[in-house]
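Protein chains in written order, with the working numbering: chain B, 7 to 336; chain L, 7 to 336. Notes follow once the structure below has been shown.
There are 2 protein chains.
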Amino acid sequence: MTDVARDIGVSRQLVSLVLREQPGASDETRARVWAAAARLGYRPHVGARALRQSASRQLGVVFVPTHATEPDIVEAIYPAAAAQGYQLVLSAVTATRTSAQAVEELLGYRCAGLIVIGAHLAGKAAAELAARARVPVVSVGAGRRNASVDVVRSAGDVGVALCVRHLAALGHRQIAYVHSASMSPAALRLSGYLKAMAELALQPAVLELHGDYTEESGAEAARRLLAERRLPTAVVTGNDQAAMGLILALARAGVSVPEQVSVTGFDDSRFARLSAVDLTTVRQDPVRMGAAAVAAVLRRVLDPKARPREVVIPTRLVERGSTAVPRSRS
Amino acid sequence: MTDVARDIGVSRQLVSLVLREQPGASDETRARVWAAAARLGYRPHVGARALRQSASRQLGVVFVPTHATEPDIVEAIYPAAAAQGYQLVLSAVTATRTSAQAVEELLGYRCAGLIVIGAHLAGKAAAELAARARVPVVSVGAGRRNASVDVVRSAGDVGVALCVRHLAALGHRQIAYVHSASMSPAALRLSGYLKAMAELALQPAVLELHGDYTEESGAEAARRLLAERRLPTAVVTGNDQAAMGLILALARAGVSVPEQVSVTGFDDSRFARLSAVDLTTVRQDPVRMGAAAVAAVLRRVLDPKARPREVVIPTRLVERGSTAVPRSRS
DNA sequence: TTGTACGCGTTATCAA
DNA sequence: TTGATAACGCGTACAA
Chain B
7 MTDVARDIGV SRQLVSLVLR EQPGASDETR ARVWAAAARL GYRPHVGARA LRQSASRQLG
67 VVFVPTHATE PDIVEAIYPA AAAQGYQLVL SAVTATRTSA QAVEELLGYR CAGLIVIGAH
127 LAGKAAAELA ARARVPVVSV GAGRRNASVD VVRSAGDVGV ALCVRHLAAL GHRQIAYVHS
187 ASMSPAALRL SGYLKAMAEL ALQPAVLELH GDYTEESGAE AARRLLAERR LPTAVVTGND
247 QAAMGLILAL ARAGVSVPEQ VSVTGFDDSR FARLSAVDLT TVRQDPVRMG AAAVAAVLRR
307 VLDPKARPRE VVIPTRLVER GSTAVPRSRS
Chain L
7 MTDVARDIGV SRQLVSLVLR EQPGASDETR ARVWAAAARL GYRPHVGARA LRQSASRQLG
67 VVFVPTHATE PDIVEAIYPA AAAQGYQLVL SAVTATRTSA QAVEELLGYR CAGLIVIGAH
127 LAGKAAAELA ARARVPVVSV GAGRRNASVD VVRSAGDVGV ALCVRHLAAL GHRQIAYVHS
187 ASMSPAALRL SGYLKAMAEL ALQPAVLELH GDYTEESGAE AARRLLAERR LPTAVVTGND
247 QAAMGLILAL ARAGVSVPEQ VSVTGFDDSR FARLSAVDLT TVRQDPVRMG AAAVAAVLRR
307 VLDPKARPRE VVIPTRLVER GSTAVPRSRS
């Protein structure tokens, strides 16, 4: 900054004024400052700025970059934060890096608030982190109403219930559900299935998988369904990837979707939209989740006494080609 | 830090010493300092540290979070950087955020070096960025030998040639190639195809797609192949997602893989490994790319006079079930 | 081991 | 519009 000031022969603090778009400089000077800054390739030092202001205009974001949907939420957070003049500091959770480490690193930036995407903030961890961070924390995608962190999540139970009712409306009666207990939002989705089945007076059939919702687990589900005496006419899954694996494994076994079995997913990920996959699924709306997350942190940044809230983002059914009227009722 | 010092009644600089693991404090004091730091939830302020040292131990990383393979490289960069005591500052390229903006933001952190994943640094942009940043820049995945930035890339031409030779060894003679000109590494892959076909004295057949390598473009390739008089016995694609789309669209049209047509992909992404997809593909080794990228930046961080290099990471063929002996030679 | 003093780049306040 | 001065949190040199 000193270089810029010297270059055009003005004071350092005038340059600071101009770059922060504060009043107090003539239009002509403003133009010269901007020109000089561009010419010299000058950028304000974010660290120095944060230091001086004892409050950075930065939001920390914890996410899993290799996840199917988390990057979509990150993508939505960027413009929402930028609109309020905030930068993002991303911190990834990877195979070699725990969420605790990711959060720890963010604390060094003295962010104004933290957005944690995914199921890293189970009850106790949430409270500890919130106490530790001393700044508002938002958990996106998982967790329930909570005294220490805001929660932004999808209405997963409603989404699954929509699938069940859609299938029932098509005439299905044997509707199985593929469940993975290890995923935190899965419990909510399962409850939606059970509730919808009960309302329709249908017999629930839950297939519980080991491990995460991956394509492999969908294939495992297919193997287990095929091993049974009779296939259900429809399968609701809690995740697109599991649905994909299920469909492909069924196809290998000569069972066609949707002719013999209808299948639904959850997420409306990029796979689902593929014309070749054409999966009926539940859309999560990462854009609204990202915007809601930013709104939630900033609400508490601006009013530190505000209490954390729970924001539920609606889900909606996307009807595609993987569901159809059952071939025969039996 | 002052708080920690006051808490246990020692000087601020002693705390600094201990936390940086420098000699000059008794074991007993060390323990007390660490205990107090943990209890108070203290973390050094990265901005203040960078400011004081006029050289942050941070590496900036530009990447596309929604991309199929870039997050894998990011994941590999983390441990490689951590091993040398460097933190990462991630900056995402999204639909609403250009690579120029992503880089611009990183400059504010005064990173020791920049790693740009993807094809954002075409010739001129690379030189400009390198001049602007005043720190070493590495381009990962795209770009060619260059005076201003290091390049770490896969041997894409070799990888595609491996596919062609593998198919030829199985007995294939009509081997088509699905090409997408808009992707920067694609030219290299195409050249590998053409070279290998020439060496085998086979007639090349290049199917050029509009747009990126997406599942949709694979489906488009399938439609165009099906519209022709006769299908090739094998199709080499420059990307797993395109191969996936191709296979699924062929399946819908009643053409089975590998029985009627063999297909290869490129990337060994998560789809390819799926037992239901079981795609023969080329493995890019994101781990080695990430490690090489870190090594390349740090080489020039430590020796600013060093010239940029080009590092080529070998690729290898992963033989799976999407390729087989052609049903009949015709 | 401690205290003292300085500077990193920036913002903020004041009086001129 | 400017200059003087201080402060943010940290690292480091030096003397005690």
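Don't be surprised by glycine CBs; every beta carbon is placed ideally from N, CA and C. If you're wondering where the values come from, they're calculated on a predicted model, not measured in any experiment.
Interface flag, residue i vs chain B, CB-CB below 8 Å
{"i": "L/Val-170", "result": "no"}
{"i": "L/Gln-93", "result": "yes"}
{"i": "L/Gly-124", "result": "no"}
{"i": "L/Tyr-115", "result": "yes"}
{"i": "L/Asp-163", "result": "no"}
{"i": "L/Val-300", "result": "no"}
{"i": "L/His-178", "result": "no"}
{"i": "L/Val-21", "result": "no"}
{"i": "L/Asp-246", "result": "no"}
Residue-level contact to chain L via CB, residue i, 8 Å cutoff
{"i": "B/Ala-118", "result": "no"}
{"i": "B/Arg-230", "result": "no"}
{"i": "B/Thr-286", "result": "no"}
{"i": "B/Leu-254", "result": "yes"}
{"i": "B/Ala-128", "result": "no"}
{"i": "B/His-216", "result": "no"}
{"i": "B/Gly-271", "result": "no"}
Three-state secondary structure assigned by DSSP to residue i
{"i": "L/Leu-208", "result": "coil"}
{"i": "B/Thr-72", "result": "coil"}
{"i": "B/Asp-291", "result": "coil"}
{"i": "B/Arg-335", "result": "Residue placement at B/Arg-335 is poorly supported in this model, since its pLDDT is 48, which falls under 50; the coordinates are not used for a value here."}
{"i": "B/Arg-322", "result": "strand"}
{"i": "B/Ser-197", "result": "helix"}
{"i": "L/Arg-49", "result": "coil"}
{"i": "L/Val-155", "result": "coil"}
{"i": "L/Thr-1", "result": "No information on residue 1 of chain L is available, as it lies outside the stretch 7 to 336 that chain L covers here."}
{"i": "L/Gly-296", "result": "helix"}
{"i": "L/Tyr-84", "result": "helix"}
{"i": "B/Glu-27", "result": "coil"}
Where the alpha helix (DSSP H) through residue i begins and ends
{"i": "B/Glu-316", "result": "Segment 316-319 is the beta strand (DSSP E) holding B/Glu-316; no alpha helix (DSSP H) there."}
{"i": "L/Ala-227", "result": "221-233"}
{"i": "B/Asp-163", "result": "162-176"}
{"i": "L/Leu-256", "result": "246-258"}
{"i": "L/Thr-102", "result": "Taken as a continuous stretch (DSSP letters only), L/Thr-102 belongs to no alpha helix (DSSP H), as it is neither H nor E."}
{"i": "L/Val-10", "result": "8-14"}
{"i": "L/Ala-278", "result": "276-279"}
Element boundaries [beta strand (DSSP E), containing residue i]
{"i": "B/Phe-69", "result": "64-69"}
{"i": "L/Arg-313", "result": "Careful: L/Arg-313 lies outside any beta strand (DSSP E) and carries neither H nor E."}
{"i": "L/Gly-129", "result": "Premise fails: L/Gly-129 lies in the alpha helix (DSSP H), 129-139, not in any beta strand (DSSP E)."}
{"i": "L/Ala-182", "result": "181-186"}
Euclidean distance between Cα positions of residue i and residue j
{"i": "L/Leu-135", "j": "L/Val-70", "result": "18 Å"}
{"i": "L/Thr-35", "j": "L/Leu-46", "result": "16 Å"}
{"i": "L/Ser-145", "j": "B/Leu-96", "result": "20 Å"}
{"i": "B/Leu-208", "j": "B/Leu-323", "result": "21 Å"}
{"i": "B/Ser-223", "j": "L/Tyr-84", "result": "28 Å"}
{"i": "L/Val-141", "j": "L/Ala-61", "result": "11 Å"}
{"i": "L/Val-24", "j": "L/Asp-13", "result": "15 Å"}
{"i": "B/Arg-289", "j": "L/Ser-188", "result": "30 Å"}
{"i": "B/Gly-124", "j": "B/Ser-268", "result": "29 Å"}
{"i": "B/Asp-33", "j": "B/Trp-40", "result": "11 Å"}
{"i": "B/Arg-305", "j": "B/Ala-312", "result": "8 Å"}
{"i": "B/Arg-335", "j": "B/Thr-287", "result": "With a pLDDT of 48 at B/Arg-335, under the threshold of 50, the modelled position of that residue is not reliable, and the figure given next carries that caveat. Approximately 23 Å, taken between the alpha carbons."}
{"i": "B/Val-241", "j": "L/Ala-298", "result": "45 Å"}
{"i": "B/Glu-81", "j": "B/Gln-93", "result": "13 Å"}
{"i": "L/Arg-279", "j": "B/Asp-309", "result": "49 Å"}
{"i": "L/Leu-173", "j": "L/Gly-198", "result": "14 Å"}
{"i": "B/Phe-272", "j": "L/Ile-253", "result": "23 Å"}
{"i": "B/Leu-285", "j": "L/Arg-315", "result": "46 Å"}
{"i": "B/His-126", "j": "B/Ala-54", "result": "31 Å"}
{"i": "L/Glu-234", "j": "L/Ala-148", "result": "33 Å"}
{"i": "L/Thr-102", "j": "L/Ala-37", "result": "48 Å"}
{"i": "B/Thr-104", "j": "L/Ala-192", "result": "35 Å"}
Cβ-Cβ separation, residue j to residue i (assumed contact under 8 Å), whole Å
{"i": "B/Arg-195", "j": "B/Gly-162", "result": "4 Å"}
{"i": "L/Val-261", "j": "L/Leu-237", "result": "7 Å"}
{"i": "B/Ser-17", "j": "B/Met-7", "result": "Contact doesn't hold; Cβ gap of about 10 Å is too wide."}
{"i": "B/Thr-270", "j": "B/Cys-117", "result": "Not really, about 38 Å apart at Cβ, beyond 8 Å."}
{"i": "B/Leu-65", "j": "B/Gly-119", "result": "5 Å"}
{"i": "L/Ser-186", "j": "L/Leu-231", "result": "No, L/Ser-186 and L/Leu-231 are not in contact; Cβ-Cβ is about 15 Å, not under 8 Å."}
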